[in-house]
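K.L.:
Pasting a structure here, questions to come.
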Amino acid sequence: MNKYTPVIGLEIHVELKTNSKMFCSCPANWFGKTPNTVTCPICLGMPGMLPVPNKMAVEWAIKIGKALGCTIAIHSKFDRKNYFYPDLPKGYQISQYDEPFGQNGIVTFSQKSKSGTIEKKQVLITRVHMEEDTGKLIHKDNETLVDFNRSGVPLVEIVTEPVFDNSDDVKRFLEELHTIIRSLGASDCDMEKGSMRLEPNISVTTKKGTLPNYKVEVKNINSFRYVKQAIDYEVKRHIELFEKGETPAQETRGYNEKKQVTFSQRTKEQAHDYRYFPDPDIPPMVFEQTSIDGLSLPEMPEAKLQRFMNDFGIKYDDAFILTRDANLSDYFELVVSKVATQSKIENMESRVASIIVNKKISVELSHDEFVAQAIQSLAPKHTDEKKLQEEIEKVIRDNPKPVEEYKKGKSATIMFLVGMVMRQMKGEADATVVKKQLERKLID
Ligand SMILES: [Zn+2]
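End of the sequence shown = 637 in the working numbering, gap-free, step of one.
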């Protein structure tokens, strides 16, 4: 099957957590509310109503564009995307067509390969634009109900270039994107509530580096795992069709997570012509470069990951876990600074990281309680120096082979000897001290 290469791109919709909706003053927090109770003539699409863009939503969309390395447009506008669907009473969705807020971005992040090496990955972002969410159809037995509470909630759409050739890389990128957007505070990206929705487009090529002349979109998936499953299912399906001498149809499909299969929803023949045109009710936007530059971003997760590794000596796996959640990394940094001021323990950052990641002390504790327990567990143990010297000498005497290997340059062997000494000392010694003393002894 090696002659086939998957070609995968992504569209991701993210609901912003503004107080009010995109173009009216209805609350944007629609989830769980009684159907059709947070609506008004604007978000219901009544004739003659004037939409007014939500400034916070525009700023967050631009911040997302900046965080994904996009060029931010000085000129931008909203367009009408015309189509008929029961969840869209006004017959068009306000979106952005040819002047999106952000274009040509790039996201760089590290990824652990199956062999354990850390690789740099880059994903090209085509565009980041803003639109309004639609209502929600609720299918019940033989009838369909519509709830307009979600109509007009601000939505950011992120489109990637078709740069992925496997579902693992897609999943890792989506996790990074999820962390980036959450760190901006722009959205909860809560998959279960549909505030982050994923649409992979998939095709398979026999000539690596060339784009196939068809693609299949799988709509509205709400978990990273399901995206991976849907992609794997589609790639297999396409290859089987090619093997039979057929070409997969250009179409839109859905994903049934219970059966773990995709199913056809719309084929090319029914494809839409959206007849975009600028929304005449909303004036075009012109931004000052200084105000775009002035929208500052917090430290991005990948930058924080690198800083934790470089400045604190934390290993990748621990740094990765700490930097997936800004609350957890903030907790870590505060605790570390308190440990540093309240104790004379040096170079303890990687050990504090390990305490948090391995849940040796609960992060549910207040900072001060955590710090007190951490200092206790980090403090050097009271050591019987005479016994320690005896044990070190004994371990060196009893383990000639590892000692020989260490002296020949296999430096990792020292940890075996440290472990032997620590066992004899029943933990009543500081492993770093033991390591230093062993090293000194073995130079002689
Ligand atoms: Zn409204």
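Ideal placement from N, C-alpha and C gives every residue a C-beta, glycine not left out.
1. My assumption, with CB atoms under 8 Å, is that GLU392 sits in contact with LEU203. Please give the rounded CB distance.
2. Count the other CB atoms, across all protein chains shown, that sit within 10 Å of the CB of GLU208; report buried if there are 16 or more and exposed otherwise.
3. Within 7 Å: the Cβ of GLY241 and any heavy atom of ligand 1?
4. Which ranges does the beta strand (DSSP E) cover as unbroken runs of at least 3 residues, wholly within the segment 317 to 365, from first to last along the chain?
5. Would the C-beta of LYS214 count as close to ligand 1, meaning under 7 Å from any of its heavy atoms?
6. Would ILE475 pass as a contact of PRO293 if the rule is Cβ separation under 8 Å?
7. DSSP on TYR419, reduced to helix/strand/coil?
8. Per the DSSP calculation, SER396 is bridged to which residue(s)?
9. Across which residues does DSSP place MET478 in a beta bridge pair?
10. For GLN453, which residues in the same chain have their Cβ closer than 8 Å to its Cβ, ignoring the five residues on either side in sequence?
11. With three or more C-beta pairs closer than 8 Å as the rule, is the segment 284 to 293 touching the segment 390 to 407?
12. Runs of 4 residues minimum, wholly inside the segment 481 to 564: which ones carry the alpha helix (DSSP H) assignment?
13. How about VAL397 and VAL200: do their beta carbons lie closer than 8 Å?
14. What three-state label does DSSP hand LEU370 in the structure shown?
15. Would you identify the three-state DSSP class for PHE302, choosing helix, strand or coil?
16. Enumerate in chain order the residues of its own chain whose CB-to-CB distance from ALA567 is below 7 Å, with the five nearest sequence positions on each side excluded.
17. Can you grab the Cα-Cα spacing for the pair ILE374 / PRO355, in whole Å?
18. Roughly how many angstroms separate the alpha carbons of ALA496 and CYS382, rounded to a whole number?
19. When every heavy atom of ligand 2 is checked, does at least one fall within less than 7 Å of the C-beta of ARG616?
20. Please work out which residues of its chain come closer than 8 Å, Cβ to Cβ, to GLU385, disregarding the five sequence neighbours upstream and downstream, and give them in chain order.
21. Does the Cβ-Cβ distance between ILE432 and VAL411 come in under 8 Å?
22. What does the Cβ neighbour count give for THR372, buried or exposed, with the cut at 16 atoms within 10 Å?
23. Is GLY612 helix, strand or coil when you go by DSSP?
24. Starting from SER288, follow its DSSP beta bridges and name the residues at the other end.
25. Just reading off the alpha helix (DSSP H) that THR625 is part of, what are its end residues?
26. Let me see if you follow: with CB-CB separation under 8 Å, is GLU597 close to chain B or not?
27. Does ligand 1 have a heavy atom nearer than 7 Å to the CB of THR666?
28. Pull up the distance between the alpha-carbon of GLY298 and that of GLY262, whole angstroms please.
29. Any idea what DSSP makes of GLU439, helix, strand or coil?
30. So, at 6 Å on beta carbons, what are the nonlocal neighbours of MET389 in its own chain, with the 5 sequence-adjacent residues on each side left out?
31. THR440: which of ALA254, GLN482, VAL409, CYS233 sits nearest, CA to CA?
32. What would DSSP say about MET618, mapped onto helix, strand or coil?
P.N.:
Checking against the coordinates, here is how it stands:
1. Yes, GLU392 and LEU203 are in contact; Cβ-Cβ is about 7 Å, under 8 Å.
2. Classification for GLU208: buried.
3. No - ligand 1 has no heavy atom lying nearer than 7 Å to the Cβ of GLY241.
4. Complete beta strand (DSSP E) runs here, min 3: 329 to 333, 336 to 340, 347 to 353.
5. Yes, since a heavy atom of ligand 1 falls inside the 7 Å radius drawn around the Cβ of LYS214.
6. No, they are not a contact pair.
7. Reduced to three states, the DSSP call for TYR419 is helix.
8. In DSSP, SER396 forms a bridge with VAL200.
9. For MET478, which the question treats as bridged, DSSP gives the partners SER269.
10. Result list for GLN453: GLN422, TYR426, in chain order.
11. Not touching, per the Cβ criterion.
12. Counting only runs of 4 or more, we get 482 to 486, 494 to 505, 509 to 515, 519 to 535, 542 to 550.
13. With respect to the 8 Å criterion, VAL397 and VAL200 are classified as neighbours on the basis of their beta carbons.
14. Note: LEU370 maps to helix in three-state DSSP.
15. For PHE302, the three-state secondary structure derived from DSSP is strand.
16. Its chain contains VAL528, VAL532, VAL545, ILE548, ILE554 as the residues whose beta carbon lies nearer than 7 Å to that of ALA567, once the 5 sequence neighbours on both sides are disregarded; these appear in chain order.
17. ILE374 and PRO355: Cα-Cα distance of roughly 21 Å.
18. Between the alpha carbons of ALA496 and CYS382 lies a distance of about 21 Å.
19. By its list of ligands, the structure shown excludes ligand 2, since it contains just ligand 1.
20. The answer, listed in chain order, is ASN415.
21. Not a contact, by the Cβ cut-off of 8 Å.
22. Label assigned to THR372: buried.
23. Reduced to three states, the DSSP call for GLY612 is helix.
24. Its beta-bridge partners are ASP272.
25. According to the DSSP assignment, THR625 belongs to the alpha helix (DSSP H) that extends over 624 to 636.
26. The chain labelled as chain B is not found in the depicted structure, where only one protein chain is given.
27. With the chain represented from 194 up to 637, any question about residue 666 goes unanswered, as that position is not in the structure.
28. Going by the C-alpha atoms only, they are around 4 Å apart.
29. Residue state, collapsed to three classes: coil.
30. Contacts found: VAL207, CYS382.
31. The shortest C-alpha separation from THR440 is found at VAL409.
32. Here MET618 carries a coil assignment [DSSP, helix/strand/coil].
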